[in-house]
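**Student:** Read top to bottom, the protein sequences are chains A and B. Going left to right, the first sequence walks through residues 2 to 45 as this note's numbering numbers them. Going left to right, the second sequence walks through residues 94 to 356 as this note's numbering numbers them. In this text, a Cβ means the ideal position worked out from N, Cα and C, and glycines have one as well.
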Amino acid sequence: MTHAYYVALGWGIGLVVLAAYSFRTVRRGRALAQRVPPEQRRWS
Amino acid sequence: MSSAPLSPQAEAPARAPARAPATTSSPATRVLGALTLAGLALLLLYALVWSPADRDMHDSVRLMYLHVPTAIAAYLGCAITTVASAMWLWRRSEGWWVLGGAAAEVATVFTGLALVTGSIWGRPTWGTYWQWDPRITSTTLLFIMLIGVQALRRIDNEGGDAAARGVRGAVVGLLLFPNVMIVHFSVDWWRSLHQTATITRLDPTIEGTMLFTLMLGIVVMGMLFSWLLVHRFRVGWLEERLGTVGLDQAIVERRAEAGVVAP
Numbered sequence: 002m003t004h005a006y007y008v009a010l011g012w013g014i015g016l017v018v019l020a021a022y023s024f025r026t027v028r029r030g031r032a033l034a035q036r037v038p039p040e041q042r043r044w045s
Numbered sequence: 094m095s096s097a098p099l100s101p102q103a104e105a106p107a108r109a110p111a112r113a114p115a116t117t118s119s120p121a122t123r124v125l126g127a128l129t130l131a132g133l134a135l136l137l138l139y140a141l142v143w144s145p146a147d148r149d150m151h152d153s154v155r156l157m158y159l160h161v162p163t164a165i166a167a168y169l170g171c172a173i174t175t176v177a178s179a180m181w182l183w184r185r186s187e188g189w190w191v192l193g194g195a196a197a198e199v200a201t202v203f204t205g206l207a208l209v210t211g212s213i214w215g216r217p218t219w220g221t222y223w224q225w226d227p228r229i230t231s232t233t234l235l236f237i238m239l240i241g242v243q244a245l246r247r248i249d250n251e252g253g254d255a256a257a258r259g260v261r262g263a264v265v266g267l268l269l270f271p272n273v274m275i276v277h278f279s280v281d282w283w284r285s286l287h288q289t290a291t292i293t294r295l296d297p298t299i300e301g302t303m304l305f306t307l308m309l310g311i312v313v314m315g316m317l318f319s320w321l322l323v324h325r326f327r328v329g330w331l332e333e334r335l336g337t338v339g340l341d342q343a344i345v346e347r348r349a350e351a352g353v354v355a356p
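1. Would you list, in sequence order, the uninterrupted alpha helix (DSSP H) runs of no fewer than 4 residues that lie entirely inside the region 267-337 of chain B?
2. Between B:Leu206 and chain A, is any beta-carbon pair separated by less than 7 Å?
3. Within this structure, are the beta carbons of B:Ala196 and B:Leu239 separated by less than 7 Å?
4. Quick check: the Cα distance between A:Arg29 and A:Val37, rounded to an integer number of angstroms?
5. For B:Ala140, which residues of its own chain have a beta-carbon under 8 Å away from its beta-carbon, when the five flanking residues on both sides are left out?
6. Scan the region 173-221 of chain B and note each continuous beta strand (DSSP E) run of 3 residues or more that stays entirely inside, going in chain order.
7. Answer with buried or exposed for B:Ala109, where buried requires no fewer than 16 other C-beta atoms within 10 angstroms of its C-beta.
8. Alpha helix (DSSP H) containing B:Pro120: first to last residue?
9. Just by C-beta distance, which residues in the region 206-230 of chain B are closer than 7 Å to chain A?
10. For the region 176-186 of chain B against the region 210-217 of chain B, do three or more pairs of beta-carbon atoms, one drawn from each stretch, fall closer than 8 Å, so that the two count as touching?
11. Output needed for B:Pro227: all residues of its chain with C-beta closer than 6 Å, excluding positions within five of it in sequence on either side, in chain order.
12. Less than 8 Å between the CB atoms is what I'm expecting for A:Val8 and B:Ser153, so what's the real figure, rounded?
13. List, in order along the chain, the chain A residues whose C-beta lies closer than 8 Å to that of B:Asp152?
14. Mind checking the region 162-179 of chain B against chain A and listing, in chain order, the residues whose C-beta falls within less than 9 Å of any C-beta there?
15. Closer than 9 Å, Cβ to any Cβ of chain A: which residues of the region 316-346 of chain B, in chain order?
16. Pull up the distance between the alpha-carbon of B:Gln102 and that of B:Val323, whole angstroms please.
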């Protein structure tokens, strides 16, 4: 594969950033949800 | 004192009541999340293995299958922020406020990724990581505006007026989608390193597996964007609830201190 360094760098950064942001959002939601009464979490 | 064990009926009230799991997920988001993960795996196979190399760009074209979908997801986030900002200015409802903040944050992530992946793709293609090209410059401006929207929504000046803060954030939010239009048409309006429209024309300039992979990337990033937006919206909703719960609690405590009976 030509330009393998750039392809790996671009996809690597992209996937790591998206995974980290997803993980952070879910964890943030979990921490907040534990402090809010269940009846105010309309989706549960 | 009796030491007889309590009957099951007597124990029941002491048990913790059955509660829904304390998360921002729901059955729908779990299904969407699973489909998105499967789609990402398929996209990786197509983007890195099954799609052919380009005649001119060779294998660096594989970055297109990430760069273009993240840019389109960023545009979508900006459009939602603009609509939510307009609706909040009109209706002043909590839902639009929370949606505007959620879409702006998710759009910031995708815009940042579009800039970074574009920069990395630019090095083997144009020979440079950065150039003050009209599209790159207008996308950078978009990224700064997205950060500005979030900063304006959060800045807490002493005794700050929340409504004024909200108006300032919403007004900048209104300007996001017009800037997206500038980003999109910049390649037609000014001389640019970027090529003109590739897939939004009636006769796309790519075809076959490359076109399919690009479309798959757009669909998968759209699904990931939606999943993130729903979760981020619920995070914002919970933050608002906690603010309300905290305020109610503070009022109760002040009343108790003053010896006032709650109505």
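**Tutor:** Let me lay it out:
1. Fully enclosed alpha helix (DSSP H) runs of 4 or longer: 269-282.
2. Residue numbering aside, residue 206 of chain B sits at position 113 when the second sequence is read from its first letter. At least one chain A Cβ lies under 7 Å of B:Leu206.
3. Residue mapping note: residue 196 of chain B aligns to position 103 of the second sequence, counting from 1. Residue mapping note: residue 239 of chain B aligns to position 146 of the second sequence, counting from 1. No, the Cβ-Cβ distance between B:Ala196 and B:Leu239 is not below 7 Å.
4. As a working note, residue 29 of chain A is residue 28 in the first sequence. As a working note, residue 37 of chain A is residue 36 in the first sequence. Computed Cα separation, rounded: 13 Å.
5. Start at 1 with the first residue of the second sequence, and residue 140 of chain B comes out as number 47. Only residues of its own chain outside the window of five on either side were considered, and among them Arg155, Tyr158, Leu159, Thr306, Gly310 have a CB closer than 8 Å to the CB of B:Ala140, listed in chain order.
6. Fully enclosed beta strand (DSSP E) runs of 3 or longer: not present.
7. Translated into the one-based positions of the second sequence, residue 109 of chain B becomes position 16. With a pLDDT of only 42 at B:Ala109, under 50, the local geometry of the prediction cannot be trusted, and no value is derived from it.
8. Here the question's residue 120 of chain B lines up with position 27 in the second sequence. Residues 120-138.
9. Leu206, Val209, Thr210, Ile213, Trp214, Arg216, Pro217: these are the residues of the region 206-230 of chain B whose beta carbon lies less than 7 Å from some beta carbon of chain A, given in chain order.
10. They do not touch, by the three-pair rule.
11. Counted from its first residue, the second sequence places residue 227 of chain B at position 134. So the qualifying residues of the chain are Ser279, Trp283, Ser285.
12. Locating residue 8 of chain A in the first sequence gives position 7, where the first residue counts as 1. Locating residue 153 of chain B in the second sequence gives position 60, where the first residue counts as 1. In this structure A:Val8 is in contact with B:Ser153, their Cβ atoms being roughly 7 Å apart against a cut-off of 8 Å.
13. The residue labelled residue 152 of chain B in the question sits at position 59 within the second sequence. The contacting residues are Met2, Thr3, His4, Ala5, Val8.
14. Listed by position, the residues of the region 162-179 of chain B near chain A (Cβ gap below 9 Å) are Thr163.
15. Correct list: Leu317, Trp320, Leu321, Val323, His324, Arg325, Arg327, Val328, Trp330, Leu331, Glu332, Arg334, Leu335, Thr337, Val338.
16. Reading the second sequence from its first residue, position 9 is the one you call residue 102 of chain B. Reading the second sequence from its first residue, position 230 is the one you call residue 323 of chain B. For B:Gln102, the pLDDT reaches just 43, beneath the cut-off of 50, and the residue's location in the model is therefore unreliable, although a value from the coordinates is still provided. Their Cα atoms are separated by approximately 41 Å.
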